[in-house]
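Enquirer:
Residue numbers (this note's numbering): 26 to 849.
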């Protein structure tokens, strides 16, 4: 729940407190909001007792990793500060997106700015099913909330209707028509942006339905009153012997202020003429100056401000009055009086939405004279036991916590169900991707997203990456995809916007609005995602708290720690473990990797799925023989060759392959070459040393980096792929060779037998002699190559992009459905 007014009890009206307490019996509940020092400690402690998360400002929030750095430190240019204040205010509101919002929008954003670190902590602590906003005035907060969670906005009153009726009534507070239009537009937006809107009465629901074009589902969650707290006085209570007339409420709320002033001027003098010893008590929080002055001047009046417990005043009262002439929502004070068996006299307007009938639960009096006469009659001891008994039973059956709070829970659960039925929005985090440096993952990710784009016309996809890595990507029409760039220029633009907004705020003597937490909330909102998919083996710390799917490619660092520096090992292990622990689901690029993650990290197998990564679409397209031969000829290849595409990383095992080749070179076809691609060997690389010392320069050729077309020609023109890797999470070259219909000669460890299947001749990659014998066999046995090629052609459809895309989308749907509480 997000609120500008903490729902503690006792001390507040309690409706939100009781609703939350009821929901907390079946769901995890957290609250984000300000907790001021003036709030009663006992009331706040009662609230915290049933919360799973109490994210209260100014308590320090637990720091979380964020996308954007601290706010810029540069100061606003002096000439901007010298602009006329009216112009600066217009620019300020425009830049904050509240140009046409009600006057209190700035105040609400200032409160959010204070609470933003707590909100960030809440959003990343847990996967919340629903987010409830209390009152429509905090609609600007929606601009800082990511779309995850079904959104509920709970109307304590329909402000637009309330103010429209205020203008139409004489002697009421004045509100500018422009302000009323702004409020009406704000509440219209609420009914469009929320999934569910709740009202405190069916009357308010009907009024809103007439006033707004509601996209959201509307419903009623009646005011809840704790009838076990608001009870009649006990038998041993020593009652005030005076004739006490009582009014309670927030004494700074304009409708309540108007009610008291109206009562003192129009009704109370008539009561005193009949009963000079009567006493009027006004009890409540933060009394307005006008009310304080009027109570001080009027005879027989007592003001009791900011009391810790209002029940003793009810127990002493002979009559409870609600002489309200305007307002919105439902007067909970009437339910409290009914529950405490105090007879009530109120205006018809005050009883709106309560279901009250005249002389059944209370007396409805709209004229000052009849109102005063009714109060005096009750003070004189008129019989009212039957009426208060009916009122007590009525409130028990309609507005007790047991009767009313389930209505609020139904609104929340409806929002969750609506969210579950909506398309998801998934964010691919590719900020790590640098053009030409990300290897096969870069191409595989593009192929996956493109394949999904060919299938999915329902859900939304977002990509955040460097502009250079994805600016040339093309996606099919009808595919809902948005690209967000993570480059320095984009960050600088955002920083300058924040600098200007905060500088304008400071020019008005305000604290900066767009602090680091607010900027990051806005960034997450801009990215517009429900789920995150991280494909690089770890989830970035600034996204790890959100619902996420993680792709783990391998755990090579655990098996071959010597291939990494101590710093690389520590960072990889820390990020991988933390990401695996926080992921909602893990995709492993081979069954070998899935079993390995299960063994090494203890991740349950049911939390992981195996989905093979997608080879480049180019490998599926054969090159015409003449063109292929021309391309190979340009690279100096006019005779049979074995092909090994790999960077010169230690686990690729180049040295053993070169050693094996040198040992059996005399048994191989005389014109056969071994062709290598990828990063060139450093001069001291063991494989490079052997090639030089053993005179193999004419038989082993390193071509370095090659274009995608040249790589295709090498795959399609080779006698066989050779792949002696010590460790693979998948083995993309093996898949690409099979798609090309070529025999595969590869290691018999990790994922490679799984990927190669029956299209490969395998060997022990640590046994140089075994590698050599496999080289001889694959190059001298034509029938073996024919058999393996036939197997490759049969197997190639297993690597179709559509297959992997469907499997991946199935994981997305499963996580999304599980997130909102149902089986996929």
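All C-beta atoms, glycine included, are put in the ideal place defined by N, C-alpha and C. Here the structure is a predicted model, which is why all the values come from computation and not from measurement.
#1: Quick check on the burial criterion: 16 or more other C-beta atoms within 10 angstroms. Buried or exposed for residue 573?
#2: List the DSSP bridge partners of residue 487.
#3: Taking the alpha-carbon positions, what's the residue 68 to residue 81 distance?
#4: Please state the DSSP three-state secondary structure of residue 289.
#5: Quick one: does residue 128 have its CB under 9 Å from some CB of chain E?
#6: CB-CB under 6 Å to residue 339, same chain, minus the five flanking residues each way: which ones, in chain order?
#7: Mind checking residue 663: buried by the 16 CB within 10 Å criterion, or exposed?
#8: Can you tell me whether DSSP reads residue 82 as helix, strand or coil?
#9: For residue 724, which of 749, 706 and 696 has the nearest alpha-carbon?
#10: With a CB to CB cut of under 7 Å and the five nearest residues on each side skipped, what residues in its chain are close to residue 764?
#11: In angstroms, rounded to a whole number, what distance separates the CA positions of residue 770 and residue 787?
#12: Would a C-beta distance cut-off of 9 Å place residue 211 and residue 127 closer than the cut-off?
#13: What are the residues that DSSP puts in a beta bridge with residue 793?
#14: Between which two residues does the alpha helix (DSSP H) harbouring residue 715 extend?
#15: Just to confirm the assignment, what range does the alpha helix (DSSP H) spanning residue 837 have?
#16: Is residue 450 buried or exposed, if buried means 16 or more other CB atoms sit within 10 Å of its CB?
#17: The alpha helix (DSSP H) with residue 757 in it runs from where to where?
#18: Judging by CA-CA distance, which residue of 54, 781 and 471 is the nearest neighbour of residue 642?
#19: Please specify which runs of the alpha helix (DSSP H), each continuous and at least 4 residues long, are wholly inside the stretch 616 to 701, giving them in chain order.
#20: Do residue 834 and residue 612 come within 9 Å of each other at the CB atom, strictly closer than that value?
#21: Any idea which residues DSSP pairs residue 771 with across the strands?
#22: Flag this pair as yes or no: are the beta carbons of residue 307 and residue 327 separated by less than 9 Å?
#23: Applying the 10 Å Cβ sphere with the 16-neighbour rule, what's the burial state of residue 497?
#24: Is residue 848 helix, strand or coil by DSSP?
#25: When you compare the CB positions of residue 370 and residue 363, do they come within less than 9 Å of one another, or not?
#26: When you compare each of 808, 141, 447 and 673 to residue 57 by their alpha carbons, which one comes out closest?
#27: Can you confirm whether the stretch 259 to 274 touches the stretch 45 to 56 when touching is taken to mean that 3 or more C-beta pairs between the two stretches lie within less than 8 Å?
#28: To the nearest whole angstrom, what separates the beta carbons of residue 237 and residue 216, a pair I think is in contact under 8 Å?
#29: Counting Cβ pairs, one atom from each stretch, are 3 or more of them under 8 Å apart for the stretch 684 to 700 and the stretch 787 to 805?
#30: Span of the alpha helix (DSSP H) holding residue 742?
#31: To which residues of the same chain is residue 28 closer than 6 Å at the C-beta, ignoring the five residues directly before and after it?
#32: Using the beta-carbon count (16 or more within 10 Å), is residue 647 buried or exposed?
#33: Taking the C-alpha atoms as reference points, what is the distance between residue 33 and residue 352?
#34: Applying the 10 Å Cβ sphere with the 16-neighbour rule, what's the burial state of residue 51?
#35: Are the Cβ atoms of residue 91 and residue 484 separated by less than 9 Å?
#36: Name the residue from 575, 596, 571 and 576 whose alpha carbon lies nearest to the alpha carbon of residue 583.
Expert: Taking the coordinates as given:
#1: buried
#2: 452 and 507
#3: 14 Å
#4: helix
#5: The chain labelled as chain E is not found in the depicted structure, where only one protein chain is given.
#6: 365 and 367
#7: exposed
#8: strand
#9: 696
#10: 640, 644, 645, 821 and 824
#11: 6 Å
#12: yes
#13: Note: residue 793 sits in no beta bridge, so no partner.
#14: 711 to 718
#15: 826 to 844
#16: buried
#17: 757 to 764
#18: 471
#19: 616 to 626, 650 to 659 and 679 to 689
#20: no
#21: 748 and 787
#22: yes
#23: exposed
#24: With a pLDDT of 41 at residue 848, under the threshold of 50, the modelled position of that residue is not reliable, and no figure is offered here.
#25: no
#26: 141
#27: no
#28: 5 Å
#29: yes
#30: 733 to 742
#31: 58 and 159
#32: exposed
#33: 23 Å
#34: exposed
#35: no
#36: 596
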